[in-house]
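Participant:
Protein chains: 2
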Amino acid sequence: MTRKIVVVGGGAAGMGAAGGAKAVDPQCAVTVYTGFDDVAYSPCGIPYVHGKEIDSFERLFLASKQAYVDAGIDVRYNADVTRVDVNRKVVEVAGQGEVPWDTLVLATGFNYADPGVPGGDLGGLYYVKNIREAMEWDKVLDTVRSAVVVEASPLGVEMVTALAHRGIETHLVDPSPWPMSEIADPDIMAPVEESWSELGVTTHFNTTLKAFRGDGQVRAVQTSDGEINADLAVICTHKEPNNALGVAAGLNIGSTGGFIVDERMATSAPGVFAAGDCTEIPNGLTGVPLQGLTGSHAYAQGKTAGINAAGGSRAYSAVYVPWGTAAGKWIIGGASLGETTATALGIPYVVGSAEGISRARYYPGVKPVKVKLLAEPGSLRLLGAQMVGGEGIKERADFLAVAIKFGLTLHDLAHMENVYSPAIGALNEPIVVAAQSGIDGLRKG
Amino acid sequence: MTRKIVVVGGGAAGMGAAGGAKAVDPQCAVTVYTGFDDVAYSPCGIPYVHGKEIDSFERLFLASKQAYVDAGIDVRYNADVTRVDVNRKVVEVAGQGEVPWDTLVLATGFNYADPGVPGGDLGGLYYVKNIREAMEWDKVLDTVRSAVVVEASPLGVEMVTALAHRGIETHLVDPSPWPMSEIADPDIMAPVEESWSELGVTTHFNTTLKAFRGDGQVRAVQTSDGEINADLAVICTHKEPNNALGVAAGLNIGSTGGFIVDERMATSAPGVFAAGDCTEIPNGLTGVPLQGLTGSHAYAQGKTAGINAAGGSRAYSAVYVPWGTAAGKWIIGGASLGETTATALGIPYVVGSAEGISRARYYPGVKPVKVKLLAEPGSLRLLGAQMVGGEGIKERADFLAVAIKFGLTLHDLAHMENVYSPAIGALNEPIVVAAQSGIDGLRKG
């Protein structure tokens with residue numbers, strides 16, 4: 001009999017699941033339900049269209065609707081799943097009644113945390129998510145003189161940069177002392193803040209949002225530090241797992257609110273898998289569950305869920321979370337722990353850091369590359385990395401996440417070989433110098 | 001008593017040794033002898049000045065002569081060491097007599113292999129090495145209409161690109177079927193050859209050099225495939241270890257002609273160390289001794305030799321040789337074995353490859369990144385990598401060399417996490433896709 005697989009959600013996790021399932025069992029019937037008009041576009045690209053780095057939203061579409069038809073994946077657009085019954089193995093689709101499944105993949109994504117202040121129903125509050133809405137908001141941006149970005153989350157950092165690039169008077173309001181404080185250390189973010197300042201951005205740190213003010217339309221943002229005039233507020237609050245369907249169905253959720261899954265991405269209900277921002281995954285070092293990872297995590301989790309939902313076998317491991325993004329005129333990135341997170345978790349560490357360069361110092365296009373490494377005292381096993389620079393940050397972050405996973409030490413990194421060729425790499429690789437400085441620091445200390 | 005350390009050679013290995021020694025024992029007397037006018041410039045940058053990517057030779061100088069004086073390193077310029085006596089522990093310096101040492105570091109570098117054809121004494125034959133000579137040759141290049149590069153070594157590849165960028169009619173003569181055939185596979189070099197063709201370069205592969213013709217000055221290069229008119233020939237033959245001093249002193253040399261050293265970079269003679277292109281180092285996978293590695297290898301080896309020569313303790317390990325360079329309009333790179341070298345050594349392998357991209361496909365500046373991975377059949381342990389693309393090649397090569405060293409498998413790489421952020425990385429990391437394709441290929445095969 002044909003295996004019926006239902007996927008709820010058409011983002012990276014959902015479409016990864018659909019593709020993974022079809023790859024394992026080409027005969028299976030895969031139906032994807034999404035509440036939106038589209039699947040297979042890159043929401044991560046939206047800030048860059050707003051910032052005019054990318055010239056059109058059309059470029060963000062990665063595959064045509066026909067491509068999914070051709071792949072035998074039945075995508076139902078504007079189709080909201082309103083209920084999941086894990087005992088009778090059905091979902092209820094708004095206006096369409098019950099749909100049976102043999103296995104189910106929940107890829108319901110996230111919702112932005114409600115700012116929880118008065119004025120949340122005013123016009124001019126922009127939640128960056130859906131591409132059709134983003135197209136409308138992009139027209140609005142042409143008329144905006146002053147905007148407030150609420151919270152310096154990764155999206156907030158990207159949106160501040162985008163709005164500033166667009167020439168809009170941009171304010172950032174965040175309750176922490178520096179941007180992306182849950183991920184990045186202050187020394188890493190300092191050059192970003194400096195470059196924002198050059199772009200005319202006004203930052204308001206240690207500042208709490210109090211209310212949105214206006215007359216139907218937002219006109220000002222009230223904070224613990226006074227009022228900011230604004231035609232637009234971009235809400236970049238924490239991404240909370242969109243777990244309502246699963247919670248109502250009785251699935252177990254963890255401390256982050258994300259569905260608890262095993263290494264097959266199976267939830268607590270038989271035949272029900274989950275992937276992406278609605279799940280939580282432990283950090284491989286600390287065991288601390290993490291939620292709201294990147295699109296590549298969502299896609300890989302979705303693929304794993306889909307493969308297992310279709311009768312295949314794939315494991316998804318604990319994560320070491322390489323991360324990175326453009327921010328101001330810099331690229332920031334890292335993997336696993338920074339000093340801030342290590343301190344918050346009570347994990348002791350030693351530090352090695354270096355301010356290196358990306359090419360020979362005389363070669364055109366050479367950029368700074370600052371690398372900071374955290375290691376376990378004694379063993380010097382790598383615990384995390386934090387970087388800021390001009391190029392090569394993403395590749396180093398990927399590498400260092402693997403180095404953490406496989407237990408490499410500062411000694412291993414201090415002795416690694418590196419490519420030296422003027423146009424592409426400096427004599428001294430910054431990772432090597434950072435590792436050596438960590439070792440030397442211990443000798444002196 | 002003050003330890004007397006003599007270093008022969010002022011390149012990356014020699015200056016690395018001097019610095020390493022001073023770091024361990026600041027009181028030691030370090031004297032560096034070089035036959036040239038300068039130390040501490042980047043010879044690797046010379047092709048890029050010729051190619052006008054870098055605007056002046058002055059930029060290639062990395063430290064002033066005063067900087068070495070300040071560091072307590074006594075550099076003797078235009079001072080040729082003519083003899084080493086390992087029993088009496090002296091070197092003989094031309095015109096200065098004998099100089100005693102407690103420990104000695106030989107960092108005598110390389111000589112280009114003699115092309116061994118008639119006409120080798122003509123004018124217009126350029127051996128790229130010394131920066132003062134390069135400055136003179138750069139003036140000559142202004143008058144050159146047609147040039148032949150002899151052999152597609154890494155330097156040859158850089159010089160072909162440089163001369164073509166400079167608008168000189170450029171020919172490349174090489175006995176192999178494709179460029180850099182001892183390091184790179186033909187599929188990796190094909191895009192480079194294509195971009196040379198766009199630049200107007202004429203390549204002559206499977207072609208043997210027969211003679212240089214001219215009347216005091218070279219006018220033509222005779223090959224197995226006919227004669228090429230040329231005002232200049234750039235000789236980019238194999239780098240042979242400059243071992244004469246050490247051989248005369250009775251030091252053991254290996255199959256490459258390089259000095260055999262232990263992990264302290266100690267030669268067969270007590271108190272005598274060697275580093276850089278005059279030594280050979282085993283490949284960590286195959287045990288095959290390698291010679292003529294990169295400037296960063298020379299520097300690290302020199303530092304190790306200097307540290308041990310000054311009474312410190314540092315080990316230098318077998319190498320996995322990440323490599324890379326700009327070539328035509330591409331960047332090429334890799335680590336350890338390619339298909340050509342694996343086949344030549346009789347080492348069985350499976351392949352996984354992918355043609356990926358460096359950023360989101362819609363993001364400005366996105367470039368192709370082709371990754372080919374070689375792995376041991378059965379274990380799928382990584383044996384080597386070969387890449388060609390537009391950016392991020394050097395960082396991936398560094399990573400993959402570490403992955404080989406630490407025994408990572410295609411499975412490990414297929415499951416690695418990667419940064420996805422439109423401006424800096426694609427959803428699918430090419431290394432991951434290549435690893436997965438290698439695994440999938442086995443299932444199908």
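Protein sequence lines, in the order shown, are assigned to chains A and B. FYI, the UniProt record's numbering numbers position 355 of the first sequence as 355, with every residue one higher than the one before it. FYI, the UniProt record's numbering numbers position 115 of the second sequence as 115, with every residue one higher than the one before it. Glycine included, C-beta positions come from ideal geometry on N, C-alpha and C. The model shown is predicted, which means the values in this text are computed figures rather than measured ones.
(1) Which first and last residues belong to the beta strand (DSSP E) in which Q222 of chain B is found?
(2) If the criterion is Cβ atoms closer than 8 Å, does the pair K394 of chain A and G324 of chain A meet it?
(3) Where does the unbroken alpha helix (DSSP H) through residue 448 of chain A begin, and where does it stop?
(4) Identify the contact partners of M15 of chain A in chain B, using a Cβ-Cβ distance below 8 Å as the criterion.
(5) Take S64 of chain B and list the residues in its own chain whose beta-carbon comes closer than 7 Å to its own, dropping the five residues that flank it on each side.
(6) For a cutoff of 8 Å on Cβ pairs, would you count H297 of chain B as touching chain A?
(7) Closest to Q66 of chain A by C-alpha separation, out of A:V75, A:H165, A:P47 and A:P115, would be which residue?
(8) Contact defined as beta carbons within less than 8 Å: I believe G123 of chain B pairs with Q217 of chain B. What is the distance between those atoms, to the nearest angstrom?
(9) Contact criterion: CB-CB distance below 8 Å. Does K394 of chain B meet it with respect to chain A?
(10) Tell me whether the beta-carbon of S268 of chain A lies closer than 8 Å to the beta-carbon of N283 of chain A.
(11) Quick one: is T294 of chain B near chain A, going by C-beta distance under 8 Å?
(12) How long is the line joining the alpha carbons of A435 of chain B and G390 of chain A, rounded to whole angstroms?
(13) Can you list, in chain order, the stretches of the beta strand (DSSP E) that have 3 or more residues and sit fully within the stretch 168–254 of chain B?
(14) In whole angstroms, what is the alpha-carbon distance linking G45 of chain B and V160 of chain B?
(15) For a contact defined as C-beta to C-beta under 8 Å, what are the partners of L380 of chain B on chain A?
(16) In chain B, which residues lie with their C-beta within 8 Å of the C-beta of F406 of chain A?
(17) So which residues of chain B does R44 of chain A contact, with C-beta pairs closer than 9 Å?
(18) Looking at the structure shown, is F273 of chain B part of a helix, part of a strand, or coil, going by DSSP?
(19) Are the stretch 411–429 of chain A and the stretch 415–432 of chain B touching by the rule of at least three beta carbon pairs closer than 8 Å?
(20) Near N206 of chain A, what residues of its chain come up, given a Cβ to Cβ distance below 6 Å and the 5 sequence neighbours on each side ignored?
(21) Less than 8 Å between the C-beta atoms of L382 of chain A and I404 of chain A, yes or no?
(22) Can you tell me whether V69 of chain B is buried or exposed? The criterion is at least 16 other CB atoms within 10 Å of its CB, across all chains shown.
(23) Closest to V369 of chain B by C-alpha separation, out of B:E355, B:A360 and B:G378, would be which residue?
(24) In three-state terms, what does DSSP make of W101 of chain A?
(25) Using CA coordinates, which residue listed in B:S197, B:I332 and B:V149 is at the minimum distance from L232 of chain B?
(26) Report the option in B:P241, B:I235, B:G214 and B:H204 whose CA atom is closest to the CA atom of T223 of chain B.
(27) Would you list, in chain order, the members of the stretch 327–342 of chain A that have their beta-carbon closer than 8 Å to a beta-carbon of chain B?
(28) Which residue from A:P348, A:A266 and A:A344 puts its Cα closest to that of S317 of chain A?
(29) Pairing CB atoms from the stretch 295–304 of chain A with CB atoms from the stretch 10–25 of chain A, are three or more of them under 8 Å?
(30) Would you say V388 of chain B and L374 of chain B are within 8 Å of each other, going by their C-beta atoms?
(31) Looking at the C-beta of S317 of chain A, does it have a partner C-beta in chain B at a distance below 8 Å?
(32) Can a CB atom of chain A be found closer than 8 Å to the CB of F399 of chain B?
(33) Hey, quick one: how far does the beta strand (DSSP E) through V351 of chain B stretch, first residue to last?
(34) Is there a Cβ from chain A that is less than 8 Å from the Cβ of V402 of chain B?
(35) What residues in the stretch 45–59 of chain A bring their beta carbon closer than 7 Å to a beta carbon of chain B?
(36) Output needed for S195 of chain A: all residues of its chain with C-beta closer than 7 Å, excluding positions within five of it in sequence on either side, in chain order.
Facilitator: Short version:
(1) Residues V218 to T223.
(2) Contact flag set, yes.
(3) There is no way to answer for residue 448 of chain A, as the model of chain A reaches only from 1 to 445.
(4) By Cβ distance, chain B contributes nothing, its closest Cβ being about 11 Å from M15 of chain A, past 8 Å.
(5) Cβ neighbours of S64 of chain B beyond the five flanking positions: none.
(6) Residue contact with chain A for H297 of chain B: present (Cβ-Cβ distance below 8 Å to some residue of chain A).
(7) Of the residues A:V75, A:H165, A:P47 and A:P115, the one whose Cα lies closest to the Cα of Q66 of chain A is A:V75.
(8) Right, the Cβ-Cβ distance comes to about 4 Å (below 8 Å), so this counts as a contact.
(9) Chain A, which has a Cβ nearer than 8 Å to the Cβ of K394 of chain B, makes this yes.
(10) Against a cut-off of 8 Å, the Cβ pair of N283 of chain A and S268 of chain A comes out as no contact.
(11) Cβ-Cβ to chain A under 8 Å: yes for T294 of chain B.
(12) Approximately 28 Å between the Cα atoms of the pair.
(13) You should have 169–173, 202–204, 209–214, 218–223, 226–229, 232–235 and 239–241.
(14) Those two C-alpha atoms are separated by around 14 Å.
(15) Within chain A, no C-beta atom comes less than 8 Å from the C-beta of L380 of chain B; the nearest is roughly 15 Å away.
(16) Neighbours of F406 of chain A on chain B, chain order: F406, L408 and D412.
(17) Here residue 44 of chain A turns out to be Cys, not Arg, going by the sequence shown. What C44 of chain A touches in chain B: A360, Y420, S421, P422 and L427.
(18) In the structure shown, F273 of chain B sits in a strand (DSSP, three-state: E or B).
(19) The stretch 411–429 of chain A is not in contact with the stretch 415–432 of chain B.
(20) The answer, listed in chain order, is P177.
(21) Less than 8 Å divides the Cβ of L382 of chain A from the Cβ of I404 of chain A.
(22) If you draw a 10 Å sphere on the C-beta of V69 of chain B, you find fewer than 16 other C-beta atoms in it, and that means exposed.
(23) The shortest Cα separation from V369 of chain B among B:E355, B:A360 and B:G378 belongs to B:E355.
(24) W101 of chain A carries a coil assignment under DSSP once its states are collapsed to helix, strand and coil.
(25) The shortest C-alpha to C-alpha distance from L232 of chain B to any of B:S197, B:I332 and B:V149 is the one to B:V149.
(26) Cα-wise, what sits closest to T223 of chain B is B:H204.
(27) So the close ones are I331 and G333.
(28) If we check each option's Cα against that of S317 of chain A, A:A266 comes out closest.
(29) Pairwise C-beta distances place the stretch 295–304 of chain A in contact with the stretch 10–25 of chain A, as three or more of them are shorter than 8 Å.
(30) Against a cut-off of 8 Å, the Cβ pair of L374 of chain B and V388 of chain B comes out as no contact.
(31) It does: the Cβ of S317 of chain A has a partner Cβ on chain B nearer than 8 Å.
(32) F399 of chain B counts as touching chain A.
(33) According to the DSSP assignment, V351 of chain B belongs to the beta strand (DSSP E) that extends over V350 to I357.
(34) At a cut-off of 8 Å between beta carbons, V402 of chain B contacts chain A.
(35) Along the stretch 45–59 of chain A, going in chain order, the ones with a CB nearer than 7 Å to a CB of chain B are G45, Y48, E53, I54 and R59.
(36) In chain order, G328, K329 and W330 place their CB closer than 7 Å to the CB of S195 of chain A, counting only its own chain and leaving out the 5 sequence neighbours on each side.
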